[in-house]
Every structure is written in C-alpha cells, then in structure tokens.
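In the order they appear, the protein sequences are chains A and B.
If you're matching positions, the first sequence starts at 1 in the working numbering and goes up one per residue.
If you're matching positions, the second sequence starts at 1001 in the working numbering and goes up one per residue.
We put the beta carbon where it would ideally sit given N, CA and C, even for glycine.
In this text, all values refer to a predicted model and were calculated from it rather than measured experimentally.
Structure first, then comments.
Protein chains: 2
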Amino acid sequence: MRPKIYLFGDSITEESFDDGGWGSSLAHHFSRSVDVVLRGYSGYNTRWALKVVEKVFPPETEEGSGGGGAAPVAVTVFFGANDACLPDRCSKFQHVPIDEYKNNLFSIVSFLKNRWPGTNIILITPPPIDEDGRLLHPFVENTLGLPERTNEAAGAYAKACVSVAGECGIPVVDLWTKMQQFPDWQKAYLRDGLHLNQSGNKIVFEEVIGKLKEVGLSLETLPIDLPLIAEIDPNDPLKEKYLANWI
Amino acid sequence: MRPKIYLFGDSITEESFDDGGWGSSLAHHFSRSVDVVLRGYSGYNTRWALKVVEKVFPPETEEGSGGGGAAPVAVTVFFGANDACLPDRCSKFQHVPIDEYKNNLFSIVSFLKNRWPGTNIILITPPPIDEDGRLLHPFVENTLGLPERTNEAAGAYAKACVSVAGECGIPVVDLWTKMQQFPDWQKAYLRDGLHLNQSGNKIVFEEVIGKLKEVGLSLETLPIDLPLIAEIDPNDPLKEKYLANWI
C-alpha cells in the first residue's frame, strides 16, 4: 500500500488539481510513491470543517465500506481565508471570530492526532489578500463597495494559525508572510485577490514539499512503488532477482 | 467513503498529473466526488504489468495494512506503447509480441473483473507515433538511425486493444484513431513523438470522461462529498436540516 497525504481545506485546496495547482504538482512529484488525496471544500471555514471532520476522515475499520484505510503519512490543514471574512461585510456568514478560529484549529489538529498519532500534520495560513482584486471579483453581491476580506484581517488569522502550530509543535507554512516577501505579490500570485494563480500555486507546492522534507518525507526517503524502468535488466527483464526484490 | 478511479498504465499514465495532464484534469473534474488514484509505471509493457498487477491492486482486506480499500468504480488500463517497440530496434527489450499483448490485456482485465466484479474497466489504446519526433528524442542510445517505434506498429497494437475490449464487452478509447482525425496530430498532440503535450492530454481527458459518462459515472450521477457552499443557508449555516442531511 502506498502512503497517503490528505489535503484538507477550503477552495484553495479544492481547486488545487487545476492546471499547475499545488495538489496536482504534489501528486506529480510523488507519482511513484504517495497517493495525494483531495479533501477540499470550497467556502468552508473552520467551524464547518470541525463539524464535518469525522465524516471527512472516517475511522480506519468500518466493516464493509473499506473504511478510511491506513493512517496517512501527512495531512495539510489549510483554513482561515473564509473565517477571516469581515463580520460586517457581504460574506459575513462565513466569518468566524479569531478566538473560535484558533480553538477550531486546535480541535481539528487534536482530532487528527487522536485518529492517527503518527501522522504529520502541516498547517497552512491563509494567503494575503489583494483588496482591489476582491472588489473586482466579488463572489456574492457586494453593495457596500468595500472588500469582504482585508489583508490586515487575513494577517491576524495567519498569525493565529502560526501560534496554534507553535503550541501544537507542528510545522506551519506561513503563506501570508511568505507571499508578501515578493514584489507585486497582489497580481503575481493571486488571480482574484484571494485564490492562487499558477505562480501562487507553485509557492504553496514548494513550501509544502519543504515542510514534508523536514519531517522526513521526500523522494529520497519514501519507497518507490515497483522497480523503475532504469533498474530493469534489459537482457532479462523478468529475472529471479528482480522478482524476488519486488514482488 | 468517496469512490475511486484507478489509472493503471505506463509513462503516459505516470506523468498524467503534470501541468494540464489528463489525470490531474480528471481529479479536478471530480474534485468533490471521486478520488483519482495514480498507478502509472513508466516503461512498463503488459508483460511486466501482468507480473505486478496483484501488487498494484492488493486484496481488499489485508489485516493491519488497511488493505486495498473498497472496490473502485472504474479502472483505466492504458498499455501498449511499450509493447509496440519494434523487436529489432533500440528499445527491443520492451517489445512484446502482439499475440502475447492481447493475451496479457485479457489477463489483466480478467484479474480486475475477478477482483472487483462491479468495477468498470476502460481500455485505452496506445497513441499514434510521430516517427520524426522519436528520432529527435530518443530515450536510449539509437545508433541505427531508425525509430524504435512506428505508427504502423502502434496501430496494430491499438487494433488488438480494441478487439480485446470488444471480446470482453468493455469500453475502449481508441486514441490511435481519434488523434489521427486531427490535422498535424504529430506536433499538435505529441511532445516527443510518443508522449502527450497539453492538447493531447486534453483529448484523453475528454475521451475518458465520455466513456465514464456512458457507464453512468458523471458529475450528474455521483454524490457530492458534503454540502456545496451554495446549499448552506447563510442565515443559519449549522441548522438542523443541514446537519441531518449531511452528517
């Protein structure tokens, strides 16, 4: 059985298998060693994520259903962009107060640790927000003329996410900070002020690969599923040694 | 548990999660309904595929390992491009005689039918070959100055694949024929005379989606994993009805 990595998050996770997406890049990178499993739920905040987490990650052995399978080697938890919607703007129904956001993240992490004690959990903060981009690409009717998300609010939630990771002793990708280190991040990495374009996806991919490496999960350490073509003896492709080693 | 679709094949499957690949496009298309699981093995022919098929698809219940999980809703079987290497050219160690190719495909299909009687198996023929492209992009040293694959040979194997599908009563994507219906298919769909570029990947994606639809697997028929954001009542996101329906 190949090891699995689950990607749990909101729309930035759900759309991560689109062309050049960070999810498909992970699946491609680990094409012979890991199954990358998509569990992205557009629009969800941590309140809803916590409500459904047991459904998303069912117990390992459910008779007849195949169950949830073996423990994954890693889970990325990538929420906060929706929690950080402002409570008095057009997407207010997605807003979650920051203290509840922190508690919800704690609860999600502890659910996962409880379910799979050996699994690496990696938090990812919400990305920075380009407020002009949000005004140009509203998801719902916006009569106020004010963005439903601000970069300042996203930053506060990102900071909260980093602090939860610190308290839990788990890795975190601080995407909010990372992206803003680059000039023109507003247009260089975001396509509508919130969601990632291909360059933005590339950053998430590289950051996640980096964190996975830090916890010992990389192409160098993970077993390859079946022999590479280069290892097959062209003169005797099915020879005993090959079979004994691999089958 | 989400249903699964396995992609079983050679390098054209293994690299299908690269940017714009047909595998990642499937995963994106079914992002809330199906897990698309990659089982591509570069360079493999049906002889090696048949040797390892039990390892690729382990029995459903292996105590302790999580087993192979529930039966997938579909498996794509996409081999032949390596079998069709000519027996007297530089990639001859990958060559499999056409009668053996047919028998191996039969055996792979019957293994899968035996393992999972309800699973839809979809065969995909090898793509056409652009011989000029192969001479420009050799995978191994080619001192003969002749391509290791020809379009004519690929066509014979494609025909054999179509005939196996007919005899087994299962769907087949005749990629060899389909691609050649378009002008300039040699450069329009192939990047090295054999492997697919993004446009070629798009054809495979669309053909597979079409075959899946024919056997009743589509966005319209497959259940969505958890409620879409549009179905959540903004005034009462966690109301009883929502919970009762979904959790």
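Using the Cα positions of residue i and residue j, report the straight-line distance between them to the nearest angstrom.
i, j, result
"Glu1063(B)", "Arg2(A)", "Here the model assigns Glu1063(B) a pLDDT of 43, short of 50, so the residue's position is not dependable and the matter cannot be decided."
"Leu1226(B)", "Leu105(A)", "19 Å"
"Arg149(A)", "Trp185(A)", "16 Å"
"Thr1143(B)", "Ala1158(B)", "27 Å"
"Ala1154(B)", "Leu1175(B)", "11 Å"
"Glu214(A)", "Ile170(A)", "11 Å"
"Asn201(A)", "Tyr189(A)", "8 Å"
"Phe1017(B)", "Glu131(A)", "33 Å"
"Asp1236(B)", "Val96(A)", "13 Å"
"Thr1125(B)", "Val1162(B)", "7 Å"
"Gln1198(B)", "Pro87(A)", "43 Å"
"Glu207(A)", "Glu54(A)", "27 Å"
"Met179(A)", "Glu1152(B)", "51 Å"
"Asp19(A)", "Thr177(A)", "25 Å"
"Asp35(A)", "Gly145(A)", "43 Å"
"Val1075(B)", "Ala1230(B)", "32 Å"
"Ala1070(B)", "Gly1118(B)", "11 Å"
"Val965(B)", "Pro147(A)", "No information on residue 965(B) is available, as it lies outside the stretch 1001 to 1247 that chain B covers here."
"Asp10(A)", "Pro183(A)", "26 Å"
"Phe1093(B)", "Thr221(A)", "30 Å"
"Lys51(A)", "Asp83(A)", "14 Å"
"Phe1139(B)", "Leu228(A)", "14 Å"
"Val37(A)", "Ser1107(B)", "29 Å"
What residues in its chain sit with their C-beta under 7 Å from that of residue i, if we drop five residues either side in the sequence?
i, result
"Ala1156(B)", "Ile1098"
"Val56(A)", "Phe8, Arg39"
"Phe205(A)", "Trp22, Ser25, Leu26"
"Pro1223(B)", "Ser1033"
"Ala160(A)", "Ile98, Tyr101, Lys102"
"Gly1216(B)", "none"
"Ile1203(B)", "Lys1178, Met1179, Tyr1189"
Between residue i and chain B, is any beta-carbon pair separated by less than 8 Å?
i, result
"Phe17(A)", "yes"
"Lys55(A)", "yes"
"Pro58(A)", "yes"
"Leu226(A)", "yes"
"Gly155(A)", "no"
"Gly43(A)", "yes"
"Asp88(A)", "no"
"Ser24(A)", "yes"
"Ser31(A)", "yes"
"Met1(A)", "yes"
"Val52(A)", "yes"
"Gly20(A)", "yes"
In this structure, what does DSSP give as the bridge partners for residue i?
i, result
"Asp35(A)", "Lys4(A)"
"Gly9(A)", "Gly40(A), Phe78(A)"
"Ile124(A)", "Val173(A)"
"Leu1105(B)", "For Leu1105(B), which the question treats as bridged, DSSP gives no partner whatsoever."
Would residue i pass as an interface residue toward chain A - the criterion being a Cβ-Cβ separation below 8 Å?
i, result
"Ala1027(B)", "yes"
"Lys1213(B)", "no"
"Gly1040(B)", "yes"
"Ile1098(B)", "no"
"Ile1124(B)", "no"
"Ile1005(B)", "no"
"Glu1148(B)", "no"
"Asp1192(B)", "no"
"Val1037(B)", "yes"
"Glu1014(B)", "yes"
"Ile1229(B)", "yes"
"Val1077(B)", "no"
"Gly1118(B)", "no"
Going by C-alpha to C-alpha distance, which of the options sits closest to residue i?
i, options, result
"Val173(A)", "Gly80(A), Glu15(A), Pro117(A), Ala71(A)", "Gly80(A)"
"Asp46(A)", "Leu190(A), Leu222(A), Cys85(A)", "The identity of residue 46(A) in the sequence shown is Thr, whereas the question assumes Asp. Of Leu190(A), Leu222(A), Cys85(A), the residue nearest in Cα terms is Cys85(A)."
"Trp1116(B)", "Tyr1101(B), Leu1050(B), Phe1093(B), Tyr1006(B)", "Tyr1006(B)"
"Leu1212(B)", "Leu1123(B), Met1179(B), Lys1051(B), Leu1050(B)", "Leu1123(B)"
"Ile1232(B)", "Val204(A), Tyr44(A), Gln181(A)", "Tyr44(A)"
"Ala49(A)", "Gly216(A), Ala71(A), Tyr101(A)", "Tyr101(A)"
"Pro1128(B)", "Gln1181(B), Asn1114(B), Thr1076(B)", "Gln1181(B)"
Spatial neighbours of residue i within its chain, please: CB distance less than 8 Å, with the 5 preceding and 5 following residues excluded, ordered by chain position.
i, result
"Glu15(A)", "Gly21, Gly40, Ser42, His195"
"Leu219(A)", "His29, Phe30, Ser33"
"Glu141(A)", "Cys90"
Excluding five sequence neighbours on each side, which residues of the same chain lie with their C-beta closer than 6 Å to the C-beta of residue i?
i, result
"Leu1136(B)", "none"
"Cys1168(B)", "Val1109"
"Asp192(A)", "Gly133, His137"
"Thr13(A)", "Leu7, Gly40, Phe78"
"Asn1114(B)", "none"
"Ala1165(B)", "Leu1123, Val1172"
"Leu112(A)", "Val75, Ile121"
"Ser1065(B)", "Because Ser1065(B) sits at a pLDDT of 40, beneath the cut-off of 50, its placement in the model cannot be relied upon, and the point is left open."
Compute the minimum distance between the beta carbon of residue i and the heavy atoms of the ligand FMN, and state whether it is under 7 Å.
i, result
"Phe79(A)", "In the structure shown, the ligand FMN is absent, as is every other ligand, since no ligand is present at all."
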